[in-house]
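For the sequence shown, the working numbering begins at 207 and goes up steadily by one.
Quick reminder that beta carbons are idealized off the backbone N, C-alpha and C, glycines included.
Please read these numbers as outputs of a predicted model, since none were measured by experiment.
Heads up: the structure comes next, in structure tokens.
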Amino acid sequence: GKLGSNILYKSTFDCVRTIIRTEGFFASWGGLWFPGIAASMMREASYSSFRFGLYTPVKKLFGADKGDVGLLAKISAGATAGATGSLLAV
């Protein structure tokens with residue numbers, strides 16, 4: 207056929223409007239525009255929860271919760287909490 211003869215939408219706005227009209231607004235979250243968004247959000251939520259929850263106990267373990275400590279203790283505590291959160295996240 208002729209090049210461009212199978213045009214589905216007139217513009218980007220027309221494309222978005224047609225998809226929302228035919229499939230619904232929230233259907234787009236399920237995979238059309240953001241595939242895998244639910245899994246990504248679950249992993250990020252679990253990672254952040256572990257990281258924030260572990261930071262204070264790990265900071266105490268490293269002695270970084272005391273007044274005047276070196277930067278290395280704080281960086282080590284943060285890195286350990288982040289790495290542990292990353293290992294435990296779903």
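Contact between the stretch 255-274 and the stretch 282-295 is present: three or more C-beta pairs spanning the two stretches fall below 8 angstroms. The beta carbon of A279 lies closer than 7 angstroms to those of F268, G269, A270 in the same chain, with the five residues before and after it left out. Relative to L294, the option among D274, G259, G276 whose CA is nearest is G259.
Of the other Cβ atoms in all chains shown, fewer than 16 fall within 10 Å of the Cβ of A289; this residue is therefore exposed.
The stretch 221-283 is shown to contain whole alpha helix (DSSP H) runs of 4 or more residues at 243-268, in chain order.
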